[in-house]
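Here is the structure we will look at.
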Amino acid sequence: MADAEIDHSPAKKQKLQAKCKDDVHETLNDLSTFKLEKILHNNTNRKTVCLKGTFASKNGDALVFLEKTAFAEENLKEDSGYFTNSSSLKKVFQNDIYGNYNYFPQVNLNSVKATIIHPATEKHFLKYSTQNCVIVDETPDLYENIVLPHVTSEQFDLNWVYNILGHQSESERIVFEDPDPDTGFILLPDLKWNGELDTLYLLAIVHKRGIRSLRDLSAKHLPLLKNIHKKGIESIKSKYGLDGSQLRIYLHYQPSFYHLHVHFTYIKHEAPGILAERAHLLSNVISNIELLPDYYQKVTLPFVVRENDTLFKKIEEGRK
Ligand code: M7G
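First residue of the sequence shown: 9, per my numbering; consecutive thereafter.
Written out as structure tokens, the structure reads:
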């Protein structure tokens, strides 16, 4: 963040001090202090649960997201990981040639990915709760009059983005950086990725401020978009050995965070948010803008919204 944009006021300082005192991330070694209040979702397909609760002696609500991770192919090789005597197998039953077992691999293969948001806001809980969704066809008019004012006033905080761009957080995780203020970006592992190649998930965050989403993109952004496409692919090839043809490169509409970023995922990994109602392939975006420079200012863009999101309520009100 440019220094002029940093809030140095005593109120902000006090808020930061209070935040540090209550920062669970500084001290957390296990989850014994977590007190469950509500299960927000339990997805048996993805093997994820999302929990609302609190941490003992810390102010504010917490969101804890747990995910059983995918098998890493390197641990499936002979003599490594799963096939050693540090694991145990308990027979449930056998019938002729069919045997059913519970298998307990060695502890380091049993990790559960945990994402903790603290203090979490109602908007976080809403984002992670199971709810009915609806598709809205967003015309340019609907965008200008209802969606844009809503996202401007009620969007998620972008501190984590500015921390990455300013090298204050996750700097050791940066895979590639192009520092150019107009066409540059930082490529780093996404929060959702646990580092196994099979579920590769990186994020390219642009240095330029003020590009909120797909809706803002036009011909002047082509050099930026092409740069992300080209250098993102090259960096992933050199660091992870994956060819560009193996990457799904896309933007979300609507995104959760309104600072332009591009998702890079392994084509064989069915990452959350890759469905047609949300993901827009970067090569498609570039091609649309090449055909029509203001394509994204003119097109009707469908998007998914939760039924009890205030945005949907405003859209419904606007239709009356
Ligand atoms: P999005 O399209 O705005 O929304 O993507 P989504 O979260 O609904 O997909 C934002 C992306 O940023 C997501 O893939 C998040 O997992 C990722 N992300 C969010 N946070 C708060 C962080 C973070 O602190 N660090 C990193 N590396 N990625 C994050």
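Note that CB positions come from ideal geometry on N, CA and C, so glycine has one too.
- The beta-bridge partner set that DSSP reports for P197 consists of L210.
- The Cβ atoms of Y266 and H288 lie no closer than 8 Å to each other.
- For K85, the three-state secondary structure derived from DSSP is coil.
- In the three-state scheme derived from DSSP, where H, G and I count as helix and E and B as strand, S40 is classed as coil.
- Counting only runs of 4 or more residues that sit fully inside the stretch 214-271, the alpha helix (DSSP H) segments are 230-248, in chain order.
- Nearest to K276 by C-alpha distance, out of L156, D251, K216, T129, is D251.
- The continuous beta strand (DSSP E) containing N108 extends over residues 106-112.
- With contact defined as three or more Cβ pairs closer than 8 Å, the stretch 171-191 and the stretch 226-235 are in contact.
- Using a cutoff of 7 Å, the CB of D198 counts as near the ligand M7G, since one of the ligand's heavy atoms is closer than that.
- In the three-state scheme derived from DSSP, where H, G and I count as helix and E and B as strand, L74 is classed as strand.
- In terms of Cβ geometry, Y136 and F73 form a close pair [threshold 8 Å].
- With respect to E204, A70 sits apart: the two C-beta atoms are not nearer than 8 Å.
- The beta carbon of S264 sits closer than 7 Å to at least one heavy atom of the ligand M7G.
- Under the three-state reduction of DSSP, G174 is assigned to coil, being neither helix nor strand.
- DSSP places T56 inside the beta strand (DSSP E), whose first and last residues are 56-63.
- Per the Cβ contact rule, the stretch 162-175 is not in contact with the stretch 90-109 (fewer than 3 Cβ pairs under 8 Å).
- The beta carbon of E45 sits closer than 6 Å to the beta carbons of K60, G61 from its chain, once the five residues preceding and following it are set aside; these are given in chain order.
- Assigned with DSSP and collapsed to three states, E278 falls in coil, not helix or strand.
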